[in-house]
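Asker:
Protein chains: 2
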Amino acid sequence: MDGQTSFPLGPSSLTEALYESVRKRIVNGEIAPGEKLTEIRIAGEYSVARPTAKACLERLTALGLLRRTTHKTAVVPKLDEEEIRDLYFSRETVERAAVAALARTGNVPPAAVRAQAAMKAAAGDAAFADQVEADIAFHSALVAAVGSRRLSRMHEVILGEVHLTMGQFQAHRTTNPMNVAHEHDDILKAIGDGDPERAQQCLAHHLDQAQGRLLGQLRRENPRSEEASA
Amino acid sequence: MDGQTSFPLGPSSLTEALYESVRKRIVNGEIAPGEKLTEIRIAGEYSVARPTAKACLERLTALGLLRRTTHKTAVVPKLDEEEIRDLYFSRETVERAAVAALARTGNVPPAAVRAQAAMKAAAGDAAFADQVEADIAFHSALVAAVGSRRLSRMHEVILGEVHLTMGQFQAHRTTNPMNVAHEHDDILKAIGDGDPERAQQCLAHHLDQAQGRLLGQLRRENPRSEEASA
DNA sequence: ACTAGTATACTTGTCTGACGATTTTGCCGA
DNA sequence: TCGGCAAAATCGTCAGACAAGTATACTAGT
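Structure representation (C-alpha cells):
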C-alpha cells in the first residue's frame, strides 16, 4: 500500500530478456508448432552464447512451452485432443479454487475489472492478439487476487500453455468476443454476490465453452483420426 | 520381479544425478534452512564444473526448494506460518481435485494401497525418513492415478516443499503415525465407495491435521512473533 | 529393387578458463 | 561512533573445446 515499493521490473538480465522474447514468439505462434529450436539457432539469432540459449530453452521446456528429450532438438509442441482436455482439467482445478476463495470474501479484484474493460474495448477491432492478451490478463488477475503465491505459480504455467494453443489455431476467430466478455461478467457478478457455488458454475461453463471451441477447431483441421503432422 | 529387467534408470546424466543428490540433501534436512549454497561450493563438493552446479541450483530454485535473487547466493528457505498456510491451501486445491476425480470412477489406485502398507510397516520403527517417504508416496500415488500429467506436475512441486518442511522440523515425531495411516484409509474407503464429497472431506481433515502439527511445531520453536532468523 | 549395416554430420552434455558487474564485508578516516 | 570507500566474494555471461549420442545418408548384400 505504501506507494514507494520500487518495482525493480524490466528484464534486468540478458537471460531474462532473451527468455521473454522467445516466449512471446512461441505463444504468439510466430514459431510454428513442430518447428525445431536448436541452441545454436537461438544463440545465432540473438547473438548470445550457447549456454545462455541453452538456459533459455531449458526454462521454456520446464514450462511446457517446448518439448525435448536428451540429445534431441527442442520443438514447439502441438497439443492433441487428449492434452487439451488435460490442460483444461488442470486449469479448471486451479481457477475453481480461485473464484471460490474470492466469492467467499466477496472481493471483486479491480485488476480483473480493468482487464474486462480492455477486452470490450478490443472486441470490435481486428486486434486479435489484444483480445487474447486481455483474456489472459483477466484470468490471471482472478487467480492473483487470491494472494497465494503457489496458486499463481501453478496457474502461470497452465496459462502459458493455454496462450500457446490460442495463438496456434486462433480459436477466438470462430466466436464473438462479446460472448466471452459476458461470461466473464457473470463470473465477476457471482463473486461480488458472495456466491461461491454459482461462481464456480459460471467459470466451469466458461472454460467448457473455450475448450469446446478449441476442440472444434482441432477436429476441423484434422477431420480423420490423427495424421498429418510434419 | 524377474531378476533381469535391468531398469536402465538411475540418473542418466550427470546433471540429473547432481540435482537428485542435492535435492535429497535439502528435503531431508541435511542442509539446514538458512544455509547458503554457493555455486562454487556445490561444484567443489561434487567435483563438477560451475555451470553444472549453476543449472542444478536454478532447477531447485524453480521448484521452491531454494530461494535466491540476482547476484545473491541461494539459501534453503525456512517457511513461516503464512507460507505454510499458502502451501497447504495449494496442496488441498490439487489433492481435492484428485480424490474427487478418483471417487467419481471409484478407482482405488493400487500404488496408494502399497504405500499404505509400507507406511504401516514402518510405523513402529525409528525409521522416520521411511515414514515420510511412504506418506509422500501415498499422496503422490493418489494424484498420479488421475492420469493428468499437468496435475501431477503441479503436485510434484507442492510436495517438494511439503517434504522440505517435514524434513526440517520433524513434525511427525509429535504424533502417532498410525493416526495418519487411518486417515489415509478413510480417504481410500471413500474413494472406493464412489463418494466424492466424503473423500474430499476426509482429505481436507487429513491435511488440516498435518498443517496443524506443522504450525504447532513452528510456534513452539518461535514462541514470540517472528524473529530469530539468521 | 529392397533391406541392413555402417559412416558421417549434427546436436547436445559437459568442462575449462576467463572477464565484467554487483553485492557484501571490512577497514579507515572524519 | 558513524559514514564512505576499497577489497573480497559471488554471480552473470562469454568463448572455445571435446566427448557422446542421435539422425540421416550412403553403401553393400541378398
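Chains as they are written, first to last, in the numbering used here: chain A, 11 to 240; chain B, 11 to 240. Every residue, glycine too, gets a C-beta built ideally from N, C-alpha and C.
#1: In three-state terms, what does DSSP make of B:K82?
#2: I believe B:A121 touches B:A84 by the beta-carbon criterion, under 8 Å. Please report the beta-carbon distance rounded to the nearest angstrom.
#3: How close, in whole Å, do the beta carbons of A:S227 and A:F148 come, if the pair is a contact with beta carbons under 8 Å?
#4: Between B:R124 and chain A, is the shortest Cβ-Cβ distance under 8 Å, so that the two count as touching?
#5: Should A:S150 be flagged as near chain B, meaning a C-beta pair shorter than 8 Å?
#6: Check the Cβ of B:T62 against every Cβ in chain A and list those closer than 8 Å, keeping chain order.
#7: Closer than 6 Å by C-beta to A:R114: which residues in its own chain qualify, once you throw out the five before and the five after it? Chain order, please.
#8: Sorted by chain position, which residues of the same chain lie with C-beta nearer than 6 Å to B:M244's C-beta, five sequence neighbours on each side aside?
#9: Using a Cβ distance threshold of 8 Å, determine whether the stretch 89 to 109 of chain B contacts the stretch 83 to 98 of chain A, with at least three qualifying pairs required.
#10: Within 8 Å (strictly less), CB to CB, does B:V104 reach chain A?
#11: Starting from the C-beta of A:V190, find all residues in its chain whose C-beta is less than 6 Å away, skip the five residues before and the five after it, and write them out in chain order.
#12: Taking DSSP as the reference, what is the three-state secondary structure of A:L73?
#13: Taking a Cβ distance cut-off of 9 Å, strictly less, list which residues of the stretch 159 to 191 of chain B are near chain A, in chain order.
#14: Excluding five sequence neighbours on each side, which residues of the same chain lie with their C-beta closer than 6 Å to the C-beta of A:H216?
#15: Can you tell which of A:G170, A:E40, A:T79, A:L47 has the C-alpha that lies nearest to the C-alpha of A:D145?
#16: Is the beta carbon of B:R69 closer than 8 Å to that of B:Y98?
#17: The alpha helix (DSSP H) that contains A:D243, what's its start and end?
#18: State the start and end residues of the unbroken alpha helix (DSSP H) segment that holds A:D145.
#19: Among residues of its own chain, excluding the 5 on either side of A:G116, which ones have a beta-carbon nearer than 6 Å to its beta-carbon?
#20: Please report the residue range of the alpha helix (DSSP H) in which A:T130 lies.
Answerer: Considering the structure as presented:
#1: coil
#2: About 33 Å separates the two Cβ atoms, so there is no contact after all.
#3: Residue identity check: residue 227 of chain A is Gln in the sequence provided, not Ser. With a Cβ gap of about 21 Å, A:Q227 and A:F148 do not count as contacting.
#4: no
#5: no
#6: Under the 8 Å cutoff, chain A gives no residues; its nearest Cβ is about 11 Å from B:T62.
#7: P206
#8: Residue 244 of chain B is absent from the structure shown; chain B starts at 11 and stops at 240.
#9: no
#10: yes
#11: none
#12: coil
#13: R159, R160, L161, R163, M164, V167, I168, E171
#14: E193
#15: A:G170
#16: no
#17: With chain A represented from 11 up to 240, any question about residue 243 of chain A goes unanswered, as that position is not in the structure.
#18: 138 to 154
#19: G204
#20: It should be noted that the sequence gives Lys, not Thr, for residue 130 of chain A. Taken as a continuous stretch (DSSP letters only), the alpha helix (DSSP H) holding A:K130 covers 120 to 133.
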